[in-house]
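Student: Protein sequence lines, in the order shown, are assigned to chains V and P.
UniProt numbering puts the first residue of the first sequence at 1, with every later residue one more than the last.
UniProt numbering puts the first residue of the second sequence at 1, with every later residue one more than the last.
No residue lacks a Cβ here, since even glycine has one placed at the ideal position from N, Cα and C.
Here the structure is a predicted model, which means the values were calculated and not measured.
There are 2 protein chains.
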Amino acid sequence: MADPRNETVSDPNEEIMRATYRALREYGYADLTIKRIADEYGKSTAAIHYHYDTKEDLLAAFLDFILDRFKDAVHEVETTDPEQRLELLLDKLLVDPEDHHDLLVAVLEMRSQAPYKERFSERFRQNDEYVRYLLRTVIDHGIEDGVFNDVDTEHVARALMTIVDGARTRAVVLDEDCALATARRTAEEYVTARVVADD
Amino acid sequence: MADPRNETVSDPNEEIMRATYRALREYGYADLTIKRIADEYGKSTAAIHYHYDTKEDLLAAFLDFILDRFKDAVHEVETTDPEQRLELLLDKLLVDPEDHHDLLVAVLEMRSQAPYKERFSERFRQNDEYVRYLLRTVIDHGIEDGVFNDVDTEHVARALMTIVDGARTRAVVLDEDCALATARRTAEEYVTARVVADD
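Shown next as structure tokens:
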């Protein structure tokens, strides 16, 4: 994911999203306020409320914003070779987030609120479904090409996302430097053992 | 893990822990108050404050209580056969929590606060280190007996805990009924492919 702080923008919604990103990194979810986002935005709280009624509305929009950015990053994966494409997808999921530890912290707080906030849970589900769809598609493609075993693609996609979500949680809760690298290696071992066809 | 609600106890600390467990299941972490725990305990808030100054003190003790219960449950695993013992450990980690969904919800809220609360993070780290120690020990035992491959036991323990933590997070955030079962199957596939020696 490109760093959202370093780009020139003019859309006010996008500017508010970037301000939210900076405020979330600085204060975390629990201590986030519209006032703090407005300070990052450089305008009044009224300028935020013009677009979003509540902090929850704004954060639901922020989750959409993150998902859109993830989709853009995935579209940059240009190769159609299934083995390479699966590797690059796993890199997007497990290597790129290393530069965004503060965001992982804030997102885990939002994730933990999913049981209480329907708008959060539906977005996390939508995000997960989208990534599993990408994984299934590339695995199906590899099966058709004869380079992958005839695996249960739905299960493999869920297995890989279990490893991804484990890494995201461990990086935050245990503050483990190696959490993402361990998960990347585990995903690699899993794919090599179960998915990639023997020559 | 045995259901902590169904046991006869007399130790006041243990009674407070059970009351905390019930209150956490009902209200979650964010809406938990000493008053609500006292109501479950059937005594005044002063009776709680006699033992614990703050909600955070009490919840740190609660995390110790859960870890102790987990240790007790693991000690019930009587077999010393490494393959069976590894399977039973994975069952304790990935099958037993199915009956404790509300606890998974409350614990994920506490986990998400680990970056802000040192007493939470040190307990989650201690818990994780203990379980990885158990996993390493059984894997080393299997390597000595020649039934497991000569794997990097530290990495395998971390890989399995990544799958466990992924399942715990997905069961809560996505409210996925299959999260734990998917992770159990993934752990099994990983162990079969990487750890268990070919005959």
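Alpha carbon to alpha carbon, how far is L32(P) from V191(V)? Give it in angstroms, no decimals.
Tutor: Within the first sequence, numbered from 1, the residue matching residue 191(V) stands at position 191. Within the second sequence, numbered from 1, the residue matching residue 32(P) stands at position 32. Looking at the two C-alpha atoms, the distance is approximately 42 Å.
Student: Please classify V131(V): does DSSP put it in a helix, a strand, or coil?
Tutor: Translated into positions along the first sequence, residue 131(V) becomes position 131. Here V131(V) sits in helix by DSSP.
Student: Starting from Y133(P), find everything on chain V with Cβ-Cβ shorter than 7 Å and list it in chain order.
Tutor: By one-based count along the second sequence, residue 133(P) stands at place 133. By Cβ distance, chain V contributes nothing, its closest Cβ being about 14 Å from Y133(P), past 7 Å.
Student: Along chain V, which residues have their Cβ under 9 Å away from the Cβ of P97(P)?
Tutor: Along the second sequence, one-based indexing puts residue 97(P) at 97. Per Cβ cutoff of 9 Å: no residues; P97(P) is ~14 Å from chain V at best.
Student: Please go through the segment 65-147 of chain P and give each complete beta strand (DSSP E) segment of 3 or more residues, from N-terminal end onward.
Tutor: Correct list: empty.
Student: Using only alpha-carbon positions, find the residue among A171(P), A187(P), E144(P), I34(P) that is nearest to D99(P).
Tutor: Taking the first residue of the second sequence as 1, we reach residue 99(P) at position 99. Ranking A171(P), A187(P), E144(P), I34(P) by Cα distance to D99(P) puts A171(P) first.
Student: Looking at chain P, which residues of the segment 161-174 of chain V have a Cβ within less than 8 Å of any of its Cβ atoms?
Tutor: Of all residues in the segment 161-174 of chain V, M161, T162, I163, V164, D165, G166, A167, R168, T169, R170, V172, V173, L174 have a Cβ within less than 8 Å of some Cβ in chain P.
Student: Using a Cβ distance threshold of 8 Å, determine whether the segment 11-18 of chain V contacts the segment 47-54 of chain V, with at least three qualifying pairs required.
Tutor: Yes, since at least three Cβ pairs between the segment 11-18 of chain V and the segment 47-54 of chain V fall closer than 8 Å, the two stretches touch.
Student: CA-CA distance, A157(V) and T186(P)?
Tutor: Taking the first sequence and counting its residues from 1, the one referred to as residue 157(V) is at position 157. Taking the second sequence and counting its residues from 1, the one referred to as residue 186(P) is at position 186. Answer to the nearest angstrom: the Cα atoms are 11 Å apart.
Student: If we define contact as Cβ-Cβ less than 8 Å, is S159(P) a contact residue for chain V?
Tutor: Taking the first residue of the second sequence as 1, we reach residue 159(P) at position 159. Checking the sequence, you will find Ala at residue 159(P) rather than Ser. Taking Cβ atoms only, chain V reaches closer than 8 Å to A159(P), which makes this a yes.
Student: Would you call R168(P) buried or exposed, if buried means 16 or more other Cβ atoms sit within 10 Å of its Cβ?
Tutor: Here residue 168(P) is taken as the residue at index 168 of the second sequence, counted from 1. Buried is the call here.
Student: Expressed to the nearest angstrom, what Euclidean distance is found between the alpha-carbon atoms of F70(V) and E154(V)?
Tutor: As a working note, residue 70(V) is residue 70 in the first sequence. As a working note, residue 154(V) is residue 154 in the first sequence. In a straight line, the C-alpha of F70(V) is about 21 Å away from that of E154(V).
Student: Would you check if the distance between the CB atom of residue 258(P) and the CB atom of E56(P) is smaller than 8 Å?
Tutor: With chain P represented from 1 up to 199, any question about residue 258(P) goes unanswered, as that position is not in the structure.
Student: Tell me whether the beta-carbon of E40(P) lies closer than 8 Å to the beta-carbon of A23(P).
Tutor: One-based indexing of the second sequence puts residue 40(P) at position 40. One-based indexing of the second sequence puts residue 23(P) at position 23. Contact flag set, yes.
Student: Smallest Cα separation from D68(V): which of F148(V), Q126(V), A38(V), V138(V)?
Tutor: The residue given as residue 68(V) occupies position 68 in the first sequence. The shortest C-alpha separation from D68(V) is found at Q126(V).
Student: Return the Cβ separation of V195(V) and V151(V) in integer angstroms, given the expectation that the two are a contact with Cβ distance under 8 Å.
Tutor: Residue 195(V) sits at position 195 when you count from the first residue of the first sequence. Residue 151(V) sits at position 151 when you count from the first residue of the first sequence. Indeed they touch by this definition, with Cβ atoms about 6 Å apart.
Student: Is the Cβ of E109(P) closer than 8 Å to any Cβ of chain V?
Tutor: Numbered from 1 along the second sequence, position 109 holds the residue referred to as residue 109(P). With 8 Å as the cut-off, E109(P) counts as an interface residue toward chain V.
Student: Which residues in chain V sit within 8 Å of E189(P), going by Cβ to Cβ distance?
Tutor: By 1-based counting over the second sequence, the position of residue 189(P) is 189. Those within 8 Å of E189(P) in chain V are A159, Y190, A193, R194.
Student: Considering just the uninterrupted stretch of the alpha helix (DSSP H) at A23(P), what are its terminal residues?
Tutor: Numbered from its first residue, the second sequence carries residue 23(P) at position 23. It spans 12-27 - the alpha helix (DSSP H) in which A23(P) sits, taken as one unbroken run.
Student: With DSSP run on the structure shown, which of helix, strand or coil describes V173(V)?
Tutor: By 1-based counting over the first sequence, the position of residue 173(V) is 173. Helix at V173(V).
Student: So, is the C-beta of T20(V) closer than 8 Å to a C-beta in chain P?
Tutor: By 1-based counting over the first sequence, the position of residue 20(V) is 20. Not closer than 8 Å to any Cβ of chain P, the Cβ of T20(V) fails to qualify, so no.
Student: Indicate whether at least one CB of chain P lies closer than 8 Å to the CB of T182(V).
Tutor: As a position in the first sequence, residue 182(V) is number 182, starting the count at 1. With 8 Å as the cut-off, T182(V) counts as an interface residue toward chain P.
Student: Check the C-beta distance from D145(P) over to P82(P) and give it rounded, since I have them as a contact under 8 Å.
Tutor: What you label residue 145(P) is simply residue 145 of the second sequence in a count that begins at 1. What you label residue 82(P) is simply residue 82 of the second sequence in a count that begins at 1. Contact flag correct, Cβ pair sits at about 6 Å.
Student: With 8 Å as the threshold, decide whether the Cβ of D64(V) is near any Cβ in chain P.
Tutor: Translated into the one-based positions of the first sequence, residue 64(V) becomes position 64. No, D64(V) lies away from the interface with chain P (no Cβ there is under 8 Å from its Cβ).
Student: I'd like the list of long-range same chain contacts for Y29(V), defined as Cβ closer than 7 Å, with 5 residues on each side in sequence excluded.
Tutor: In the first sequence, residue 29(V) corresponds to position 29, counting from 1. Closer than 7 Å at Cβ, skipping near neighbours: A106, E109, M110.
Student: Is the beta carbon of A197(V) less than 8 Å from the beta carbon of V164(V)?
Tutor: Walking along the first sequence from the start, residue 197(V) turns up at place 197. Walking along the first sequence from the start, residue 164(V) turns up at place 164. Cβ atoms of A197(V) and V164(V): not closer than 8 Å.
Student: Among the candidates L134(P), L103(P), L93(P), E122(P), whose CA atom is the shortest distance from the CA of A183(P)?
Tutor: What you label residue 183(P) is simply residue 183 of the second sequence in a count that begins at 1. For A183(P), the nearest C-alpha among the options comes from L93(P).
Student: K35(P) to A73(V), Cα distance in whole Å?
Tutor: Position 35 of the second sequence, counting from 1, holds the residue named residue 35(P). Position 73 of the first sequence, counting from 1, holds the residue named residue 73(V). If you take the alpha carbons of K35(P) and A73(V), they lie about 48 Å apart.
Student: Have a look at T20(V) and L58(V) and give me their C-alpha separation to the nearest angstrom.
Tutor: Position 20 of the first sequence holds residue 20(V). Position 58 of the first sequence holds residue 58(V). Rounded to whole angstroms, T20(V) to L58(V) spans 8 Å at the Cα level.
Student: Short of 6 Å in beta carbon distance, which residues of its chain neighbour F120(V), apart from the five on each side in sequence? Order them along the chain.
Tutor: Reading the first sequence from its first residue, position 120 is the one you call residue 120(V). So the qualifying residues of the chain are M110, Q113, A114.
Student: If we count the other Cβ atoms within 10 Å of its Cβ and call it buried at 16 or more, is T162(P) buried or exposed?
Tutor: Here residue 162(P) refers to the residue found at position 162 of the second sequence. It is buried - the Cβ of T162(P) has at least 16 other Cβ atoms within 10 Å.
Student: Using a 10 Å radius around the Cβ and a threshold of 16 neighbouring Cβ atoms, would you call A2(V) buried or exposed?
Tutor: In the first sequence, the residue the question calls residue 2(V) occupies position 2. Note that A2(V) scores 48 on pLDDT, short of 50, meaning its location in the model is unreliable; the coordinates nonetheless yield the value given after this. Under this definition A2(V) is an exposed residue.
Student: Sort A159(P), E78(P), A193(P) by Cα distance to R132(P) and report the nearest one.
Tutor: In the second sequence, residue 132(P) corresponds to position 132, counting from 1. The candidate whose alpha carbon is nearest that of R132(P) is A159(P).
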